[in-house]
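**Student:**
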Amino acid sequence: ILFLFWLVKLLEMAATATSSMRIATAKHCAFASRTVSKSSIAVFGNEINVASSRRLKSSCLISSTRPFYQSFTTDPVKFEKLVTKAMSESSEDKPFSGLTINLRGKRAFIAGIADDNGYGWAIAKSLAAAGAEILVGTWVPALNIFETSLRRGKFDDSRKLPDGSLMEIAKVYPLDAVYDTPEDVPESVKTNKRYAGASNWTVKEVAESVKQDFGTIDILVHSLANGPEVSKPLLETSRNGYLAAISASSYSFVSLLKHFVPIMNPGISLSQFYCSFVYLYCGRLGKVFLKGEFVTSKQRFCLKFSLAGDIAGGASVSLTYIASERIIPGYGGGMSSAKAALESDTQVLAFEAGRKHKIRVNTISAGPLGSRAAKAIGFIDMIINYSLENAPIQKELLAEEVGNTAAFLVSPLASAITGAVIYVDNGLNAMGVGVDSPAFADLDIPKDKQS
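What the sequence shown shows, in mature numbering (1 follows the signal peptide of the UniProt record, and there is no 0), is residues -16 to -1, 1 to 435, in sequence order.
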């Protein structure tokens, strides 16, 4: 009732409003609306003073604020439906156009990048193209080669974004997601030459390092898996091999989310949104409780959230494979079980993280890709050819298609999607039979001559 009362008052005020409002923009707080084409924070009343700027930087983790002021009159105010404006270009000077993806002001941690040709790298590029800041966790033994290649420009061609700029990685962290804390690391690993010189690489330590360096993140991506006995049939897989696959490929996601959730920016409730909306435009509610703080001064009040993005909250994405639910001969060593566990965990985590932290959790079931990691399976080329012959869409699956799907899932455009398995495999998951079988030779099945 209170909300409706103030909404009526708002409409009455809008009809006769002649006062000016000033808008200040901040680099790392996104505000999406039809009237503001830049990432913005609305400030009403007096100018932001230095103390306010400090509090703003602390609460929003803004590395720099660049205010500008634009005066305009509401004569009358035109109310329009809130629309998520987005873009896939890195330049802030270009106007928004259409319904694309905007992740400006968001920070993503992507676990499992060790080269430039896997799905993890493609996801990083798509997030960067949408404006997100990129942090990377790289397996410790591969860290030196990865950082050296990055530093020497060997990845420059694959770092190119749609607007011609190069993807920037804010920081690369050593990570071994098999170990949660330093106490879990066996002595044999601590003394291993491949881990020499590296420190703070367990999941807990990496989360603490990210918190110390950047404060918070908005997006968590799990792009890692390992099955030491993946080439063995399940009947020949040892207990240690099976548990190792589960640990590295599925529980690692649980652990990452567990340790990163405390530093992931949560969403806001609708009640918070409504109260803030009414307070901003009516200014007579007195004290409004918002994210644990009482706001008592209209002159020093600013939006600490994006109207669309923060309702969606933080988001997490992992990668799975169709072997979780269908038989893929040769994909052994417990890896099919690990992917099944990952998908089941996705649903449970979506509920728990959603209820407690307003964080969405989804997984992408990606088709086969000829990455270096996939070569360990030993028959990846055959699986790719099978997909080309039997998928509804007969074309090569591109890593960027998975990357773009991930960018969508972590964006405000997917604010109502959580606990889902999203298939990105040219439709192969929908097939019940392989149409390249001789049994279907007499059927007039459309086929791409180039496949």
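Cβ coordinates follow ideal geometry from the N, Cα and C atoms, glycine included. Since we're looking at a predicted model, the values are computed, not measured.
Return the first residue and the last residue of the beta strand (DSSP E) that Ile203 is part of.
**Tutor:** Position 219 of the sequence shown, counted from the start, is the residue given in the question as residue 203. First-last of the beta strand (DSSP E) with Ile203: 203 to 206.
**Student:** Look at Leu150 and Asp140 and say whether their C-beta atoms are less than 8 Å apart.
**Tutor:** Looking up residue 150 in the sequence shown gives position 166. Looking up residue 140 in the sequence shown gives position 156. Cβ distance < 8 Å, so Leu150 and Asp140 count as in contact.
**Student:** Which residues in the same chain as Ala98 place their Cβ atom closer than 6 Å to its Cβ, once the five residues preceding and following it in sequence are excluded?
**Tutor:** Within the sequence shown, numbered from 1, the residue matching residue 98 stands at position 114. Within the same chain, Ala98 has close Cβ partners Thr122, Trp123, Ala126, Phe130.
**Student:** Cβ of Thr409 within 8 Å of Cβ of Leu372?
**Tutor:** Residue numbering aside, residue 409 sits at position 425 when the sequence shown is read from its first letter. Residue numbering aside, residue 372 sits at position 388 when the sequence shown is read from its first letter. Per the sequence shown, the amino acid found at residue 409 is Asp instead of Thr. Contact: no.
**Student:** Can you name, in chain order, every residue of its own chain whose Cβ lies under 6 Å from the Cβ of Leu218, other than the five neighbours on each side?
**Tutor:** Start at 1 with the first residue of the sequence shown, and residue 218 comes out as number 234. Once the five neighbours on either side are set aside, the close Cβ partners of Leu218 are Gly316.
**Student:** Going by beta-carbon coordinates alone, are Gly115 and Leu159 separated by less than 8 Å?
**Tutor:** Looking up residue 115 in the sequence shown gives position 131. Looking up residue 159 in the sequence shown gives position 175. Cβ distance not < 8 Å, so Gly115 and Leu159 don't count as in contact.
**Student:** Going by beta-carbon coordinates alone, are Ser355 and Asn413 separated by less than 8 Å?
**Tutor:** Working through the sequence shown from its first residue, we reach residue 355 at position 371. Working through the sequence shown from its first residue, we reach residue 413 at position 429. Not in contact: Ser355 and Asn413 (Cβ atoms no closer than 8 Å).
**Student:** I'd like to know if the stretch 322 to 339 and the stretch 298 to 309 are in contact, where contact means that at least 3 CB-CB pairs between them fall below 8 Å.
**Tutor:** Touching, yes.
**Student:** Ordered along the chain, which non-local residues of its own chain (more than five positions away) have a Cβ less than 8 Å from that of Ile247?
**Tutor:** Working through the sequence shown from its first residue, we reach residue 247 at position 263. Correct list, in chain order: Ala191, Val194, Lys195, Gly199, Thr200, Ile201.
**Student:** How far does the alpha helix (DSSP H) with Gly225 in it extend, from its first residue to its last?
**Tutor:** Position 241 of the sequence shown, counted from the first residue, corresponds to residue 225. Taken as a continuous stretch (DSSP letters only), the alpha helix (DSSP H) holding Gly225 covers 223 to 230.
**Student:** Quick one: Cα of Ala180 to Cα of Lys379, how far?
**Tutor:** The residue labelled residue 180 in the question sits at position 196 within the sequence shown. The residue labelled residue 379 in the question sits at position 395 within the sequence shown. Each residue's Cα considered, the two are about 44 Å apart.
**Student:** Sort Ser222, Ala92, Val238, Glu213 by Cα distance to Ala161 and report the nearest one.
**Tutor:** Here residue 161 corresponds to residue number 177 of the sequence shown, with the count starting at 1. The residue with the shortest Cα to Cα distance from Ala161 is Val238.
**Student:** Taking the Cβ atom as the reference point for each residue, do Ile406 and Val419 lie within a distance shorter than 8 Å?
**Tutor:** Along the sequence shown, one-based indexing puts residue 406 at 422. Along the sequence shown, one-based indexing puts residue 419 at 435. Not a contact, by the Cβ cut-off of 8 Å.
**Student:** DSSP has Tyr407 in a bridge; who is on the other side?
**Tutor:** For the purposes of this step, residue 407 is taken as residue 423 along the sequence shown, with counting starting at 1. According to DSSP, which records beta bridges pairwise, Tyr407 is partnered with Ser349.
**Student:** With DSSP as the reference, identify every bridge partner of Gly121, one or two as the case may be.
**Tutor:** As a position in the sequence shown, residue 121 is number 137, starting the count at 1. BP columns for Gly121 point to Ala95, Tyr157.
**Student:** Could you pull the DSSP bridge partners for Thr402 from this structure?
**Tutor:** For the purposes of this step, residue 402 is taken as the residue at position 418 of the sequence shown. DSSP lists no partner for Thr402.
**Student:** Which residues does DSSP pair with Leu302 in a beta bridge?
**Tutor:** In the sequence shown, the residue the question calls residue 302 occupies position 318. Note on identity: in this sequence residue 302 is Ser, with Leu being the wrong assignment. Paired residue(s): His206, Thr347.
**Student:** With Phe363 as the anchor, note down where its alpha helix (DSSP H) starts and where it stops.
**Tutor:** As a position in the sequence shown, residue 363 is number 379, starting the count at 1. It is not in any alpha helix (DSSP H) - Phe363 carries neither H nor E in the DSSP assignment.
**Student:** Hey, Gly338 and Thr402: beta-carbon distance below 8 Å or not?
**Tutor:** For the purposes of this step, residue 338 is taken as the residue at position 354 of the sequence shown. For the purposes of this step, residue 402 is taken as the residue at position 418 of the sequence shown. Going by C-beta atoms, Gly338 is nearer than 8 Å to Thr402.
**Student:** Count the other CB atoms within 10 Å of the CB of Phe335; is the residue buried (16 or more) or exposed (fewer)?
**Tutor:** For the purposes of this step, residue 335 is taken as residue 351 along the sequence shown, with counting starting at 1. The residue in question, Phe335, is exposed, as its Cβ has fewer than 16 Cβ neighbours within 10 Å.
**Student:** Find the nearest neighbour of Gly102 within the set Ala182, Val332, His206, judged by alpha-carbon distance.
**Tutor:** Residue mapping note: residue 102 aligns to position 118 of the sequence shown, counting from 1. Comparing Cα-Cα distances from Gly102 to each of Ala182, Val332, His206, the minimum goes to His206.
**Student:** Cβ atoms of Val173 and Thr186: under 8 Å apart, would you say?
**Tutor:** Within the sequence shown, residue 186 is the residue found at index 202, counting from 1. Within the sequence shown, residue 173 is the residue found at index 189, counting from 1. No, these two residues do not count as a Cβ contact at 8 Å.
**Student:** Would you say Asn413 touches the ligand GTP, meaning its beta carbon is less than 7 Å from a heavy atom?
**Tutor:** Judged by which ligands are present, the structure shown has none, so any question about the ligand GTP falls away.
**Student:** Among the candidates Val417, Ala390, Gly411, whose CA atom is the shortest distance from the CA of Ala106?
**Tutor:** For this step, residue 106 is matched to residue 122 along the sequence shown. For the residues Val417, Ala390, Gly411, the minimum Cα distance to Ala106 belongs to Ala390.
**Student:** Between the C-alpha atoms of Glu385 and Glu171, what's the straight-line distance to the nearest angstrom?
**Tutor:** Taking the sequence shown and counting its residues from 1, the one referred to as residue 385 is at position 401. Taking the sequence shown and counting its residues from 1, the one referred to as residue 171 is at position 187. Taking the straight line from one Cα to the other gives about 41 Å.
**Student:** How many angstroms separate the CA atom of Ser222 from the CA atom of Glu213?
**Tutor:** Your numbering for residue 222 matches position 238 in the sequence shown. Your numbering for residue 213 matches position 229 in the sequence shown. Cα to Cα, Ser222 sits roughly 8 Å from Glu213.
**Student:** To the nearest angstrom, how far is the alpha carbon of Pro396 from that of Ala383?
**Tutor:** Translated into positions along the sequence shown, residue 396 becomes position 412. Translated into positions along the sequence shown, residue 383 becomes position 399. Straight-line Cα distance between these residues: approximately 22 Å.
**Student:** Go to Gly102, then tell me how far its alpha helix (DSSP H) extends in each direction, as first and last residue.
**Tutor:** Mapped onto the sequence shown, residue 102 falls at position 118. Taken as a continuous stretch (DSSP letters only), Gly102 belongs to no alpha helix (DSSP H), as it is neither H nor E.
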